[in-house]
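Chains A and B, in that order, are what the protein sequence lines are. My numbering numbers the first residue of the first sequence as 81 and each following residue consecutively. My numbering numbers the first residue of the second sequence as 81 and each following residue consecutively. For every residue, glycine included, the Cβ atom is placed at its ideal position computed from N, Cα and C. First comes the structure, then the notes that go with it.
There are 2 protein chains.
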Amino acid sequence: MISVVIIGYGNVAHHLVEAFHKAKNLHLKQVYTRSIKTVEHLKPITSVTNSLELLVKADVYIISVTDDAIAKVSSQITGKNSFVVHTSGSVDMNQLQNNGRKGVFYPLQSFSKEKKVDFSTIPFCLEAENNKDLQLLETLAKTIGEKIYRINSLQRKQLHIAAVFVNNFVNHMYKIGYDICNQHNVPFEVLYPLIEETSKKIQHITPDKAQTGPAKRNDNLTIENHIKMLKEEQKNIYKILTNSIKNGEKL
Amino acid sequence: MISVVIIGYGNVAHHLVEAFHKAKNLHLKQVYTRSIKTVEHLKPITSVTNSLELLVKADVYIISVTDDAIAKVSSQITGKNSFVVHTSGSVDMNQLQNNGRKGVFYPLQSFSKEKKVDFSTIPFCLEAENNKDLQLLETLAKTIGEKIYRINSLQRKQLHIAAVFVNNFVNHMYKIGYDICNQHNVPFEVLYPLIEETSKKIQHITPDKAQTGPAKRNDNLTIENHIKMLKEEQKNIYKILTNSIKNGEKL
Numbered sequence: 081m082i083s084v085v086i087i088g089y090g091n092v093a094h095h096l097v098e099a100f101h102k103a104k105n106l107h108l109k110q111v112y113t114r115s116i117k118t119v120e121h122l123k124p125i126t127s128v129t130n131s132l133e134l135l136v137k138a139d140v141y142i143i144s145v146t147d148d149a150i151a152k153v154s155s156q157i158t159g160k161n162s163f164v165v166h167t168s169g170s171v172d173m174n175q176l177q178n179n180g181r182k183g184v185f186y187p188l189q190s191f192s193k194e195k196k197v198d199f200s201t202i203p204f205c206l207e208a209e210n211n212k213d214l215q216l217l218e219t220l221a222k223t224i225g226e227k228i229y230r231i232n233s234l235q236r237k238q239l240h241i242a243a244v245f246v247n248n249f250v251n252h253m254y255k256i257g258y259d260i261c262n263q264h265n266v267p268f269e270v271l272y273p274l275i276e277e278t279s280k281k282i283q284h285i286t287p288d289k290a291q292t293g294p295a296k297r298n299d300n301l302t303i304e305n306h307i308k309m310l311k312e313e314q315k316n317i318y319k320i321l322t323n324s325i326k327n328g329e330k331l
Numbered sequence: 081m082i083s084v085v086i087i088g089y090g091n092v093a094h095h096l097v098e099a100f101h102k103a104k105n106l107h108l109k110q111v112y113t114r115s116i117k118t119v120e121h122l123k124p125i126t127s128v129t130n131s132l133e134l135l136v137k138a139d140v141y142i143i144s145v146t147d148d149a150i151a152k153v154s155s156q157i158t159g160k161n162s163f164v165v166h167t168s169g170s171v172d173m174n175q176l177q178n179n180g181r182k183g184v185f186y187p188l189q190s191f192s193k194e195k196k197v198d199f200s201t202i203p204f205c206l207e208a209e210n211n212k213d214l215q216l217l218e219t220l221a222k223t224i225g226e227k228i229y230r231i232n233s234l235q236r237k238q239l240h241i242a243a244v245f246v247n248n249f250v251n252h253m254y255k256i257g258y259d260i261c262n263q264h265n266v267p268f269e270v271l272y273p274l275i276e277e278t279s280k281k282i283q284h285i286t287p288d289k290a291q292t293g294p295a296k297r298n299d300n301l302t303i304e305n306h307i308k309m310l311k312e313e314q315k316n317i318y319k320i321l322t323n324s325i326k327n328g329e330k331l
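What follows is the structure, encoded as structure tokens:
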């Protein structure tokens with residue numbers, strides 16, 4: 081039985097609380113947040129507090145607050161040998177300022193409070209200072225998840241950059257596609273099946289091999305026609321990405 | 081009962097033949113291709129030919145050849161009142177050079193021969209010169225599909241550009257993500273759930289509202305850190321897309 085205290089109650093923490101509450105071999109002992117009102121509904125299932133001085137003893141303290149607040153919050157967890165982890169994709173493990181042991185418990189997904197989360201499909205990227213703590217985090221992750229990875233801070237940083245490309249930038253491509261459709265009274269939903277297919281294809285062949293389209297086949301006539309029809313900023317993006325696809329191997 | 085002749089035997093034609101063969105209220109009368117060997121296995125289900133002069137009479141002639149060849153092939157379909165359509169996303173209806181009626185029968189998806197196609201999920205973008213022919217195409221599309229749209233040539237051109245963004249350019253973002261993971265020994269599969277979630281999210285909220293990440297929240301410290309760690313070409317792409325997300329509304 082692993083005992084856990086969750087510190088913070090944002091999107092990630094919200095879903096972790098829900099999942100841990102249902103998990104076996106896990107005792108969710110306490111949830112801390114600054115504004116106690118937001119966690120009052122949790123009282124039937126766990127203890128809640130808005131004072132870091134009143135934290136109870138637990139095997140793992142999971143800090144799930146904004147990136148900027150991680151250092152400060154962790155410095156206030158005083159237990160000498162306490163094991164403190166954060167859930168951030170972009171913060172180094174060593175930015176934790178507690179005196180005790182440190183680690184990272186990073187579920188890689190884009191969370192929103194409204195949407196149910198199925199942790200069995202979400203990769204957990206774990207890090208700790210020693211093998212024993214890493215195993216503890218693995219056991220913890222397995223109480224709610226199935227996909228467990230050991231990812232160190234440098235790798236996690238790179239993973240976060242890669243996530244910006246495959247999530248934020250991809251979403252921006254969707255936005256431009258949406259704008260183009262909208263400007264010409266074409267329902268954006270026409271593109272849903274293509275969008276889904278594109279996202280699934282790369283689970284079977286590498287993105288490099290999956291590429292098609294005018295840039296890939298050097299169809300300069302189509303490329304010129306497209307550029308003529310785009311707005312200034314769309315044009316720049318079209319050009320730089322087309323050239324990058326053409327130069328594929330040199331990246 | 082609609083009778084159909086298919087001209088060409090590339091990816092799209094291949095899947096159309098398969099679907100039409102199984103469809104009700106549809107008679108696939110003939111398949112034409114230059115190299116007769118590639119269609120010999122179709123003999124049990126339909127007539128095949130490699131001569132445009134031997135085309136049989138049909139309600140609709142579907143030209144599914146490379147974009148460049150559409151004009152020439154269509155000019156050789158001589159029947160005075162023949163209804164000829166092509167399946168291309170980027171070729172104007174009026175590039176058809178037959179003497180008779182013209183139209184477009186464009187299934188919007190990225191096809192490959194190896195992969196089974198479920199036409200019930202694929203949008204058909206239809207165009208014709210008059211309402212009666214448009215209705216004929218709708219009836220035809222409904223024999224194998226469910227999602228039917230009337231899209232004129234100008235709209236289709238824009239749709240094709242939008243598809244370049246949400247398919248080719250999105251895939252290129254995946255490629256960069258893949259490269260970054262690869263360079264740092266992180267399994268790319270860690271990103272699969274995020275990639276899928278990103279592609280599904282925009283079916284519920286607009287891409288504009290779905291956006292998250294450092295550019296959206298103006299987190300310049302993270303942005304600078306990311307840029308430092310990227311290779312030259314990745315850097316340029318990161319910068320231009322980050323700025324574009326920041327300027328969102330001005331696009």
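(request) Please decide whether A/Val-288 counts as near chain B, where near means a Cβ-Cβ distance under 7 Å. (result) Along the first sequence, one-based indexing puts residue 288 of chain A at 208. Contrary to the premise, residue 288 of chain A reads as Asp rather than Val in this sequence. A/Asp-288 counts as touching chain B.
(request) Using three-state DSSP, classify B/Val-244 as helix, strand or coil. (result) On the second sequence, residue 244 of chain B is found 164 positions in, with the first residue counted as 1. Here B/Val-244 sits in helix by DSSP.
(request) Mark B/Met-81 as exposed unless 16 or more other C-beta atoms lie within 10 angstroms of its C-beta, in which case mark it buried. (result) For the purposes of this step, residue 81 of chain B is taken as residue 1 along the second sequence, with counting starting at 1. Burial call: exposed.
(request) Give the DSSP-derived three-state secondary structure of B/Gln-215 in the structure shown. (result) Residue numbering aside, residue 215 of chain B sits at position 135 when the second sequence is read from its first letter. Helix.
(message) To the nearest angstrom, how far is the alpha carbon of B/Ala-138 from that of B/Lys-280?
(response) Translated into the one-based positions of the second sequence, residue 138 of chain B becomes position 58. Translated into the one-based positions of the second sequence, residue 280 of chain B becomes position 200. Between B/Ala-138 and B/Lys-280, the C-alpha separation is close to 41 Å.
(message) Tell me the rounded alpha-carbon separation between B/His-101 and B/Lys-222.
(response) Your numbering for residue 101 of chain B matches position 21 in the second sequence. Your numbering for residue 222 of chain B matches position 142 in the second sequence. The straight-line gap from Cα to Cα measures roughly 14 Å.
(message) Taking the alpha carbon of A/Val-136 as the reference point, which residue from A/Gln-283, A/Ser-233, A/Ala-99, A/Gln-110 has its own alpha carbon closest?
(response) As a first step, residue 136 of chain A is located in the first sequence; it is residue number 56 there, counting from the start. The shortest Cα separation from A/Val-136 among A/Gln-283, A/Ser-233, A/Ala-99, A/Gln-110 belongs to A/Gln-110.
(message) Determine, for A/Leu-331, whether the minimum Cβ-Cβ distance to residues of chain B falls below 7 Å.
(response) Counting from 1 along the first sequence, the entry for residue 331 of chain A is found at position 251. Low per-residue confidence applies at A/Leu-331: pLDDT is 46, beneath 50, and the placement is therefore not dependable enough to give any value.
(request) Taking the CB atoms as reference points, tell me whether B/Asn-251 and A/Gln-291 lie closer together than 7 Å. (result) On the second sequence, position 171 is the one that residue 251 of chain B refers to. On the first sequence, position 211 is the one that residue 291 of chain A refers to. Contact flag set, yes.
(request) Taking C-beta pairs closer than 9 Å, name the residues in chain A that B/Lys-117 reaches, listed in chain order. (result) As a working mapping, residue 117 of chain B is identified with position 37 in the second sequence. Those do not exist, as B/Lys-117 stays about 25 Å from chain A at its closest Cβ, beyond 9 Å.
(message) Output needed in chain order: residues of the region 217–230 of chain B with a Cβ under 7 Å from some Cβ in chain A.
(response) Tyr-229
(request) Over the uninterrupted beta strand (DSSP E) stretch that includes B/Gly-183, give me the two end residues. (result) Residue mapping note: residue 183 of chain B aligns to position 103 of the second sequence, counting from 1. Where B/Gly-183 is concerned, the enclosing beta strand (DSSP E) stretches over 181–187.
(message) Tell me the DSSP secondary structure of A/Glu-207 in three-state form.
(response) Here the question's residue 207 of chain A lines up with position 127 in the first sequence. Reduced to three states, the DSSP call for A/Glu-207 is strand.
(message) Out of B/Cys-261, B/Lys-255, B/Lys-311, which one is the CA nearest neighbour of A/Pro-287?
(response) Counting from one through the first sequence, the residue named residue 287 of chain A turns up at place 207. Ranking the options by Cα distance to A/Pro-287, first place goes to B/Lys-255.
(request) Please check the pair B/Val-165 and B/Ile-142, which I expect to be a contact at CB under 8 Å, by giving their CB distance rounded to whole angstroms. (result) The residue given as residue 165 of chain B occupies position 85 in the second sequence. The residue given as residue 142 of chain B occupies position 62 in the second sequence. Yes, they are in contact, since the Cβ atoms of B/Val-165 and B/Ile-142 sit about 6 Å apart, within 8 Å.
(request) Output yes if chain B places a C-beta closer than 7 Å to the C-beta of A/Leu-108; else output no. (result) The sequence position of residue 108 of chain A within the first sequence is 28, counting from 1. No, A/Leu-108 does not count as interfacial toward chain B.
(message) Please report whether the beta-carbon of A/Gln-238 lies at a distance below 7 Å from any beta-carbon of chain B.
(response) As a first step, residue 238 of chain A is located in the first sequence; it is residue number 158 there, counting from the start. At least one chain B Cβ lies under 7 Å of A/Gln-238.
(message) Tell me the residue span of the beta strand (DSSP E) that contains B/Tyr-89.
(response) Position 9 of the second sequence, counting from 1, holds the residue named residue 89 of chain B. Looking at the DSSP string, B/Tyr-89 is not in any beta strand (DSSP E), and its letter there is neither H nor E.
(request) Please work out which residues of its chain come closer than 7 Å, Cβ to Cβ, to B/Leu-310, disregarding the five sequence neighbours upstream and downstream, and give them in chain order. (result) Against the second sequence, residue 310 of chain B aligns to sequence position 230. Answer for B/Leu-310: Tyr-318, listed in chain order.
(message) For A/Pro-124 and A/Ala-103, I'd like the C-alpha separation in whole angstroms.
(response) By one-based count along the first sequence, residue 124 of chain A stands at place 44. By one-based count along the first sequence, residue 103 of chain A stands at place 23. Answer to the nearest angstrom: the Cα atoms are 16 Å apart.
(message) Tell me which residue opens and which closes the beta strand (DSSP E) that B/Lys-109 is part of.
(response) Here the question's residue 109 of chain B lines up with position 29 in the second sequence. Its beta strand (DSSP E) spans residues 106–112.
(message) Tell me the residue span of the beta strand (DSSP E) that contains A/Ile-228.
(response) Indexing the first sequence from 1 puts residue 228 of chain A at position 148. In the DSSP assignment, A/Ile-228 falls within the unbroken beta strand (DSSP E) covering 227–230.
(request) Report the rounded CA-to-CA distance for B/Lys-296 versus A/Gly-257, giving the unit in angstroms. (result) Looking up residue 296 of chain B in the second sequence gives position 216. Looking up residue 257 of chain A in the first sequence gives position 177. Cα to Cα, B/Lys-296 sits roughly 18 Å from A/Gly-257.
(message) Just verifying my parser: in three-state terms, what is the DSSP assignment at A/Thr-129?
(response) As a working note, residue 129 of chain A is residue 49 in the first sequence. In the structure shown, A/Thr-129 sits in a strand (DSSP, three-state: E or B).
(request) Use the C-beta contact count for A/Asn-327: other C-beta atoms within 10 angstroms, 16 or more gives buried, fewer gives exposed. (result) Position 247 of the first sequence, counted from the first residue, corresponds to residue 327 of chain A. It counts as exposed.
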